[in-house]
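In my numbering, the protein residues as written are 223 to 472. Taking it in order: structure first as structure tokens, then the write-up.
This is the structure:
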């Protein structure tokens, strides 16, 4: 049965949205300087200038000063750097300011986005918003306490399927297809990020924490390009929480 924690969640929560509005629709849009396309801010990566004029990824989109947004994949960014296209568009975006574009900017961007996600997961664990371990997660899921479920990229299928079933039971959502996210981090990377051994499955028990994790995860998956499809609904959350995702200020 769903517990009062989940029942209390609604679109009236600060920063929430009316039911039926997707997280992407709720976000402000930005224009990609490489393609000219407008997309949700949470799916684009901000580039900023360092004090020495180096173009670097601003993974949290919070660095001061002028920035330029890109909505391309890692491979597309690497090609734009190598072909000189990025230099041309950034010269305009940064109003002719002297700039240096690292040859490995695409790799630096992937690393920065991965670090942002890892750091956020670690913060939520330390804040007491995360449950680890198959049995503990299953217990919390059946009790209706889980708001977000995720698995390492090398988790296999048996564990995720069993935990998804427990989650659906706890949320009275059997037959809904509700399931966890496959993260772009393997168990070794998750173990380092969380400071624990052999982390394969993780769950969040706080809706706001799920919202916070969704932002860096969304950016990383979008940047990874075709790998994005492997994660399914990256903001998958308990039914009562899915209408409250807010990415304002990130």
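Just so it is clear, CB atoms sit at the ideal spot from N, CA and C, and this is done for glycine as well.
Hey, could you find the ends of the beta strand (DSSP E) residue i is sitting in?
| i | result |
| --- | --- |
| residue 416 | Counting along the chain, residue 416 falls outside any beta strand (DSSP E), though it belongs to the alpha helix (DSSP H) covering 409-416. |
| residue 421 | Unbroken run through residue 421: none, as it is neither H nor E. |
| residue 262 | 260-262 |
Between the Cα of residue i and those of the options, spot the shortest distance and give me the residue it belongs to.
| i | options | result |
| --- | --- | --- |
| residue 365 | 394, 422, 345 | 394 |
| residue 255 | 284, 298, 286, 276 | 298 |
| residue 431 | 352, 262, 289, 333 | 352 |
| residue 309 | 323, 423, 386 | 323 |
| residue 317 | 271, 339, 284 | 271 |
| residue 311 | 383, 436, 258, 422 | 258 |
| residue 407 | 329, 331, 377, 358 | 377 |
| residue 334 | 321, 345, 361, 296 | 296 |
| residue 379 | 445, 368, 400, 404 | 404 |
| residue 325 | 361, 300, 293 | 300 |
| residue 253 | 289, 359, 343 | 289 |
| residue 414 | 347, 277, 443, 381 | 347 |
| residue 303 | 286, 331, 444, 350 | 331 |
I need the boundaries of the alpha helix (DSSP H) containing residue i, first residue and last residue.
| i | result |
| --- | --- |
| residue 437 | 429-445 |
| residue 401 | That residue, residue 401, is in no alpha helix (DSSP H); it is neither H nor E in DSSP. |
| residue 386 | 380-392 |
| residue 363 | 356-364 |
Kindly indicate which three-state DSSP category residue i falls into: helix, strand or coil?
| i | result |
| --- | --- |
| residue 252 | strand |
| residue 376 | coil |
| residue 371 | strand |
| residue 266 | coil |
| residue 257 | coil |
| residue 405 | coil |
Determine, using beta carbons only, whether residue i comes closer than 8 Å to chain D.
| i | result |
| --- | --- |
| residue 295 | The displayed structure is made up of one protein chain only, and chain D is not part of it. |
If contacts are defined as beta-carbon pairs under 8 Å, then residue i and residue j qualify, I think. What distance do you get, rounded to the angstrom?
| i | j | result |
| --- | --- | --- |
| residue 389 | residue 426 | Contact doesn't hold; Cβ gap of about 12 Å is too wide. |
| residue 268 | residue 251 | No, residue 268 and residue 251 are not in contact; Cβ-Cβ is about 13 Å, not under 8 Å. |
| residue 374 | residue 421 | 7 Å |
| residue 356 | residue 260 | With 8 Å as the limit, residue 356 and residue 260 do not qualify as a contact, their Cβ atoms being about 42 Å apart. |
| residue 418 | residue 354 | 6 Å |
Length-filtered (4 minimum) alpha helix (DSSP H) runs lying within the segment 272-337 = The segment 272-337 is shown to contain whole alpha helix (DSSP H) runs of 4 or more residues at 296-305, 307-315, in chain order.
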